[in-house]
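J.: Okay, handing you the structure first.
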Amino acid sequence: MNSETPPNLRRLPVRQENRPHAEATNEQAGRPHLFSAVTACGLVAAILVAGRIVAVHVEQTHFPAVAPEVFLQKNQGLAFQRVAAHATNVLPGYGSSELAIGPAAERAAQFFSGAPSGFQLSVVAKPGASSLTILEKIAALGPDLRGRKVVISISPSWFLSPGVTPERYATNFSAFAANALAFGSGFDLDFKREIALRMLEFPRTLAKRPLLNFALQRLASPHGFDRLVYCAVWPLGKMHQTVLDLQDHFGALFHVLWERRHVPALHQSRLVDWEALISHASSRTSSRGTEAETSPEAEKRLTAGTDANFRRRMNSTHEWSDFDLLLRALARMHAQPLLISTPICARCYGESGVSSSARDIYYEKLRAFARQYDFPLVDFAEHDSDPAFLDPQGYHLNAKGWIFYNRALDEFFHDTLPRSDSTAQQSGN
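This is the structure:
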């Protein structure tokens with residue numbers, strides 16, 4: 242009955258005894274692969290961090306060459322804008338085409354390119370920009386602009402249409418700024434909700450950005466549960482923002498290395514003879530003449546005449562609400578802005594039947610906002626009938642207008658801008 246155990250059964254305990262050893266061997270064999278993966282990830286992270294440090298250094302050292310320029314990377318990214326915000330000898334300026342078009346020598350960015358009075362002007366401007374797209378860029382910088390002077394250039398044409406069109410908004414939309422605004426900045430959720438509601442009115446810019454779209458939807462919701470969901474996805478947003486930040490800095494680095502601009506030697510601060518420059522620019526403009534030119538925009542403006550139409554368009558536009566959001570953001574950031582507007586072309590609108598009293602609505606509303614937030618304002622209202630101040634189409638500054646504009650910027654930077662009880666205005670002959 243007690244027969245010997247079959248050989249296959251006698252080997253079973255041996256197999257059980259060897260199993261832990263085999264598992265340990267497999268575990269040890271897998272550890273080098275895990276270690277290699279961790280090492281590779283760490284190496285990539287170190288390269289990216291080092292690359293970002295190099296990019297920031299290059300941005301700062303080459304910024305004097307970049308400051309006067311207007312180009313896509315600077316307009317859409319935040320890297321160069323952040324350098325401008327931190328530089329003590331740079332005045333950041335935001336606007337639309339009125340800040341980037343005009344005679345090259347007198348145009349503000351070029352005029353201050355060599356820092357003739359101790360500072361450069363760094364312009365972020367593009368045709369079609371509006372209060373909303375400027376707000377997104379300003380808000381994205383957040384604490385970087387705290388206590389810093391910044392120029393907000395305004396065009397009257399913004400307020401003579403129902404609001405920014407989807408096409409113009411899309412061409413000025415910045416994914417870098419939008420993500421930084423949604424997942425960063427120093428604003429409370431209630432204020433972010435107001436901005437998110439406006440941004441969601443332009444779904445085309447969010448169609449290929451599901452995380453940003455989802456976050457803005459949650460921010461725009463009045464329900465507390467959506468706020469909790471936003472907080473839950475916030476870490477993902479910050480990770481995505483980190484990726485965009487690296488992309489932004491490497492894009493800025495590529496621009497500097499590709500363009501290879503010579504870094505100019507900045508002049509020592511000196512007094513500028515503004516009266517002589519104004520006299521020279523006036524004589525140049527007079528010799529060239531100021532005959533009106535015809536363009537589709539000018540024809541549209543001339544056919545929209547009468548005081549009633551002008552008042553209706555000026556009072557019904559959504560741009561005033563966006564402008565208020567922009568000023569509220571600047572106030573919450575404790576920035577020190579200068580609001581500066583080109584004048585309305587009296588000749589252009591006068592020919593279409595718009596009276597001086599109707600045009601004054603624009604200046605009155607602008608001054609009311611400036612008083613509300615206690616921001617200095619230069620509106621050049623006293624020059625709206627000067628044919629040499631604006632170009633023939635009446636939208637952009639001429640040489641004479643740019644000199645007055647530049648003088649206002651210079652006085653603002655050096656804290657010598659005249660102020661009145663109602664608003665800060667620039668006077669001149």
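All letters in the sequence shown, in the order written, are residues 242 to 670 by our numbering. Idealized CB from N, CA, C, for every residue including glycine.
Sort out for me which residues DSSP pairs residue 331 with in a bridge.
T.: According to DSSP, residue 331 bridges with 361.
J.: With burial defined as no fewer than 16 other Cβ atoms inside 10 Å of the residue's Cβ, what is the status of residue 504: buried or exposed?
T.: That one is exposed.
J.: Use the C-beta contact count for residue 391: other C-beta atoms within 10 angstroms, 16 or more gives buried, fewer gives exposed.
T.: Buried.
J.: What are the boundary residues of the beta strand (DSSP E) that includes residue 581?
T.: Per DSSP, residue 581 belongs to the beta strand (DSSP E) from 577 to 582.
J.: Near residue 579, which residues of its chain fall below 6 Å by C-beta distance, leaving aside the five closest residues on each side in sequence?
T.: Only 392, 617, 653 meet the Cβ criterion.
J.: Can you tell me whether residue 448 is helix, strand or coil according to DSSP?
T.: Residue state, collapsed to three classes: coil.
J.: Is residue 368 buried or exposed, if buried means 16 or more other CB atoms sit within 10 Å of its CB?
T.: With fewer than 16 other Cβ atoms within 10 Å, it is exposed.
J.: Determine the DSSP secondary structure at residue 585, reduced to helix, strand or coil.
T.: Note: residue 585 maps to coil in three-state DSSP.
J.: If we call anything under 8 Å between Cβ atoms a contact, is residue 372 one with residue 564?
T.: Yes, the pair counts as a contact, with Cβ atoms nearer than the cut-off.
J.: Looking at the strands, I want to know which residues DSSP matches up with residue 394.
T.: BP columns for residue 394 point to 581.
J.: Measuring straight from C-alpha to C-alpha, what distance separates residue 496 and residue 557?
T.: Approximately 42 Å between the Cα atoms of the pair.
J.: For the 8 Å Cβ check, are there 3 or more pairs between the stretch 381 to 401 and the stretch 331 to 346?
T.: With the cut-off at 8 Å, the stretch 381 to 401 and the stretch 331 to 346 touch.
J.: Helix, strand or coil: how does DSSP classify residue 504 here?
T.: DSSP places residue 504 in coil when its eight states are reduced to three.
J.: Based on Cα-Cα distance, which residue from 355, 452, 494 lies nearest to residue 481?
T.: Comparing Cα positions, the closest option is 452.
J.: Would you grab the beta carbon distance between residue 416 and residue 450 for me? Rounded to a whole angstrom, and I think it's under 8 Å.
T.: Right, their Cβ atoms sit about 7 Å apart.
J.: Can you give me the C-alpha to C-alpha distance between residue 650 and residue 471, rounded to a whole angstrom?
T.: Taking the straight line joining both Cα atoms gives about 41 Å.
J.: Once the 5 residues before and after residue 350 are set aside, which same chain residues still bring their CB inside 6 Å of it?
T.: Correct list, in chain order: 309, 362, 364.
J.: Shortest alpha-carbon distance to residue 300 belongs to which of 287, 289, 282, 319?
T.: The shortest Cα separation from residue 300 among 287, 289, 282, 319 belongs to 319.
J.: Where does residue 619 sit, in a helix, a strand or coil, going by DSSP?
T.: Here residue 619 sits in strand by DSSP.
J.: Which class does residue 380 belong to by DSSP, given the choice of helix, strand or coil?
T.: Correct three-state label for residue 380: helix.
J.: Using the Cα positions of residue 443 and residue 316, report the straight-line distance between them to the nearest angstrom.
T.: If I take the Cα positions, the gap works out to 19 Å.
J.: Residue 303: buried (16+ other C-beta within 10 angstroms of its C-beta) or exposed?
T.: Residue 303 comes out buried.
J.: Taking just the CA atoms, how far does residue 627 sit from residue 423?
T.: Their backbone Cα atoms lie some 44 Å apart in a straight line.
J.: Quick one: Cα of residue 296 to Cα of residue 348, how far?
T.: Rounded to the nearest angstrom, the two C-alpha atoms are 29 Å apart.
J.: Using the rule of at least 16 other Cβ atoms within 10 Å of the residue's Cβ for burial, across every protein chain shown, is residue 312 buried or exposed?
T.: Residue 312 is exposed by the Cβ-count criterion.
J.: So, with DSSP's three-state summary, where would you put residue 366?
T.: Residue state, collapsed to three classes: strand.
J.: Which residue or residues does DSSP assign as beta-bridge partners of residue 638?
T.: Paired residues: 631.
J.: Taking only three categories from DSSP, how would you classify residue 336?
T.: In the structure shown, residue 336 sits in a strand (DSSP, three-state: E or B).
J.: Looking at the structure shown, is residue 353 part of a helix, part of a strand, or coil, going by DSSP?
T.: Coil, per DSSP.
J.: Relative to the ligand COA, is the shortest distance from any of its heavy atoms to the C-beta of residue 439 smaller than 7 Å?
T.: Within the structure as shown, the ligand COA is missing, as the structure has no ligands at all.
J.: Helix, strand or coil for residue 565, going by three-state DSSP, please let me know.
T.: Correct three-state label for residue 565: helix.
J.: Below 7 Å CB to CB, which residues in the same chain sit around residue 641 once its five sequence neighbours on both sides are set aside?
T.: Excluding residues within five positions, the ones whose Cβ falls inside 7 Å are 519, 522, 523, 526, 629, 630.
J.: Given this structure, state the Cα-to-Cα distance separating residue 514 from residue 358, to the nearest angstrom.
T.: In a straight line, the C-alpha of residue 514 is about 11 Å away from that of residue 358.
J.: Identify the continuous alpha helix (DSSP H) that holds residue 440 and give its terminal residues.
T.: Looking at the DSSP string, the run of the alpha helix (DSSP H) that includes residue 440 is 430 to 440.
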